[in-house]
Structure formats: C-alpha cells, structure tokens
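>
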Amino acid sequence: MKHGLQVTKSLIDTSRNGYLAAISASSYSFISLLQYFVPMMNPGGATISLSCNASERVYPGYGGGMSSAKAALESDTRVLAFETGRKYGIRVNTISAGPLKSRAAKAIGHVEKFIDYSFENAPLQKELFAEEVGNAAAFLASPLASAITGTV
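Residue numbering for the sequence shown follows my numbering, starting at -12 and increasing by one per position.
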C-alpha cells in the first residue's frame, strides 16, 4: 500500500502520496459525492458526513494525515453549506463524534486505546454507540433541523 492510506504511520513519517490519499478518502470524497448528487436533490434536502474529534485533539497512533483530512472535511462542510444552500437550497452538516467501535476503527487499530483516552478526557465519560450517531444523523436529516446547516 505504498501509495494508499498510511493511517498507522505518524504524520511526520507519512509520504506525500499517503497524505493526499487521506485527504482524498476523508475529505474530497464528500465534495465529489455532493458534486454528483446535489443537483438531483430537492430543495430542503440534507447531506451529512462523518468526522471524528481527531481533527481537534491528538490521538497518538491515528496518523497518515487522517487528522488533517478530518479537519479539512469539517472546514469544507461550512463552505459547502454556504455554496449548496445558496445555489440549491441543500443543507450540509458533519457529525464529529468521539471514537466509536466500528469496522473502520478496527482497521486503523488501537481503537480500544482511543476509546479509553476519550473516556478519560470526555465530560460525560460514557462510551459512544453507533445508534447515538444514527440518531443525530436522523435529526439532522429531518425537518426538525431545516434551518441547521454548516455545523460540525
């Protein structure tokens, strides 16, 4: 995987190609998706991407440019919300949750260490479950959130 994601490498040891692969997978992919689908959506529609709080906090071992890519995704959310809102009437939001036990997290490795670190440093000291993230997404996609856009 010389030119692919290098999530297990520290940022300082990540190649240019590895860094760009992280940006492509975790940030530009959302832009590409919106370029294709937003023109087909009805005004008032909503799009949601998923990030993680590694864009704001250091998680040792979560490397390869993924933290940077998530920060880019969150910044892009605000710009895309403005652009798609003005042009198409479409909302754009991102859910940035703490570490979650998932297949993606297991592929990165160290997921238990990330969850423990987050638990020790979080205000609620509660494990995050996929259902909770799903509930947040359902709210953001619903008419209850019809004026919420550009949020992370």
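Ideal placement from N, C-alpha and C gives every residue a C-beta, glycine not left out.
Here the structure is a predicted model, which means the values were calculated and not measured.
Kindly indicate which three-state DSSP category Leu20 falls into: helix, strand or coil?
Sequence index remark: in the sequence shown, residue 20 carries index 33 (1-based). Looking at Leu20 - three-state DSSP - the assignment turns out to be helix.
> Taking the straight line between their C-alpha atoms, what separation do you get for Leu(-8) and Tyr46?
The residue given as residue -8 occupies position 5 in the sequence shown. The residue given as residue 46 occupies position 59 in the sequence shown. Roughly 17 Å between the two C-alpha positions.
> Am I right that Leu155 and Leu87 are in contact with their C-beta atoms under 8 Å? What's the rounded C-beta distance?
Absent from the model: residue 155. The displayed extent of the chain is -12 to 139, so no value can be given.
> From Met(-12) to Gln22, what does the alpha carbon distance come to, in whole angstroms?
Translated into positions along the sequence shown, residue -12 becomes position 1. Translated into positions along the sequence shown, residue 22 becomes position 35. Because Met(-12) sits at a pLDDT of 44, beneath the cut-off of 50, its placement in the model cannot be relied upon, and the following sentence gives the value as read from the coordinates. Distance between the alpha carbons of Met(-12) and Gln22 is about 28 Å.
> Tell me whether Phe101 is buried or exposed, calling it buried when 16 or more other Cβ atoms sit within 10 Å of its Cβ.
On the sequence shown, position 114 is the one that residue 101 refers to. Label assigned to Phe101: buried.
> So is Leu127 buried or exposed if we call it buried at 16+ other beta carbons inside 10 Å?
If you number the sequence shown from 1, residue 127 lands on position 140. Buried, since its Cβ has 16 or more Cβ neighbours within 10 Å.
> Taking the alpha-carbon positions, what's the Ser83 to Ser38 distance?
Mapped onto the sequence shown, residue 83 falls at position 96. Mapped onto the sequence shown, residue 38 falls at position 51. Using only the alpha carbons, I get a separation of about 5 Å.
> Considering only the alpha carbon of each residue, which of Arg78, Ala134, Ser2 and Pro110 lies closest to Gly140?
No answer is possible for residue 140: it lies beyond the span of the chain, which begins at -12 and ends at 139.
> Buried or exposed for Val66, going by 16 or more other Cβ atoms inside 10 Å?
As a first step, residue 66 is located in the sequence shown; it is residue number 79 there, counting from the start. By the 10 Å Cβ count, Val66 comes out exposed.
> For a quick check, are the C-beta atoms of Phe24 and Ser36 less than 7 Å apart?
As a first step, residue 24 must be located in the sequence shown, where it is residue number 37. As a first step, residue 36 must be located in the sequence shown, where it is residue number 49. Not closer than 7 Å, so no.
> Starting from Val66, follow the alpha helix (DSSP H) in both directions and report where the run begins and ends.
As a working note, residue 66 is residue 79 in the sequence shown. Val66 -> alpha helix (DSSP H) spans Met53 to Tyr75.
> Rounded to the nearest angstrom, what separates Met53 and Gly72 at their Cα positions?
For the purposes of this step, residue 53 is identified with residue 66 of the sequence shown, where counting begins at 1. For the purposes of this step, residue 72 is identified with residue 85 of the sequence shown, where counting begins at 1. Approximately 27 Å, taken between the alpha carbons.
> Is Tyr49 near Ala58, with beta carbons less than 7 Å apart?
In the sequence shown, residue 49 corresponds to position 62, counting from 1. In the sequence shown, residue 58 corresponds to position 71, counting from 1. It is not a contact, given that the beta carbons lie outside the stated cut-off.
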